[in-house]
Structure formats: C-alpha cells, structure tokens
Amino acid sequence: LERLVIDVLDKQGYYATVVSPMLTDGNSIAVMVMPANDYDHYYDGSYRQNFAFQVMTKHENQLTAYHTLLDIASLLKNIEDIPSANGTYEFEGIDITTDPNIITKDDKYYIFAAQFSAALFIKPKG
34 LERLVIDVLD KQGYYATVVS PMLTDGNSIA VMVMPANDYD HYYDGSYRQN
84 FAFQVMTKHE NQLTAYHTLL DIASLLKNIE DIPSANGTYE FEGIDITTDP
134 NIITKDDKYY IFAAQFSAAL FIKPKG
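Residue numbers (the working numbering): 34 to 159.
Below you can see the structure in the form of structure tokens.
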C-alpha cells in the first residue's frame, strides 16, 4: 500500500518527489506507514485490514506546505481505487484520521502532517 500511495501522489506533480519513510533535506514530501492492528477475519480465509499511514510535507513557505497537504488529503479521501497489481486485494477507501496540522517549524522549514487509514479487503488464498 505504501508504494501504491507514493505512486499515486508522485503522479500529481507536487513540489517534491514523494519519498518514504522520512522527509529529506530541503523541501520534501514523505509517506510513512504507521503501526496498526485492525483486522476483521472471515471463515473463508479472507479478511479486511486497515493500514495506517502518515503524509508529511516540509517547505520553506508555510502556505505551500499546508495547501499541498490539504490537496493530498482531498485527493486521498476522494480516490476511488488503488488497484492491486496481482489481484490480492480490493481497495475500499481511505479515511482521514488526523486532519492536516503543523508539526514543527525550524529556522527554515514548516512541517505539516496528516494521518490516514486505508481499508483493504484481502481475498482468501487458494
């Protein structure tokens, strides 16, 4: 999922290449997988899993960092599908669990973050 989210965000042409898991030097955007243990198991071996992740933006201009994260949040919330390359899951959507907010400011950069949860239905093996 992390790779797929990064690929979706990279295609948007933001001010920096989207990387993982940490922000890089200079203006940057990063996706970091967060710990989560949210499963619903079914008798046929399938299960529903929520994957938590955080998107961070870092920019010299406060509004650029903030508005980019707002754009990312809107895109992810409204994305209809992130298809599985090998057909092992069905994408069910992404929810915003923590709205975009400022994390810190140093002498040069503003850092904002938002947290998300992506729901996937994992098909049974076999």
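Heads up, the beta-carbon is just placed ideally off N, CA and C, and yes, glycines get one too. Since the structure is predicted, the reported quantities are computational estimates derived from the model, not experimental observations.
DSSP three-state label for residue i, please.
i	result
tyrosine 48	coil
leucine 153	strand
If you drop the 5 nearest sequence neighbours on each side, which residues of the same chain put their C-beta closer than 8 Å to that of residue i?
i	result
leucine 96	none
leucine 228	As displayed, the chain neither begins before 34 nor continues past 159, which places residue 228 out of reach and without an answer.
tyrosine 122	Leu153, Phe154, Ile155, Lys156
Note down the Cα distance separating residue i from residue j, rounded to an integer number of angstroms.
i	j	result
valine 64	isoleucine 144	13 Å
valine 52	asparagine 83	21 Å
isoleucine 115	alanine 106	15 Å
histidine 74	valine 88	28 Å
aspartate 10	leucine 109	Nothing about residue 10 can be reported from this structure: the residues present for the chain run from 34 to 159 only.
isoleucine 39	lysine 91	16 Å
proline 54	phenylalanine 149	15 Å
threonine 137	glycine 59	15 Å
alanine 85	aspartate 132	14 Å
lysine 158	glycine 78	7 Å
glutamate 93	tyrosine 99	11 Å
For the beta strand (DSSP E) that contains residue i, what are its first and last residues?
i	result
serine 61	61-66
For residue i, collect the residues of the same chain with a Cβ closer than 7 Å to its Cβ; drop the 5 residues on either side in sequence, then sort them by chain order.
i	result
threonine 50	Asp43
Please list the segments of the beta strand (DSSP E) lying wholly inside the stretch 72-132, counting only runs of 3 or more residues, in order along the chain.
-> 80-92
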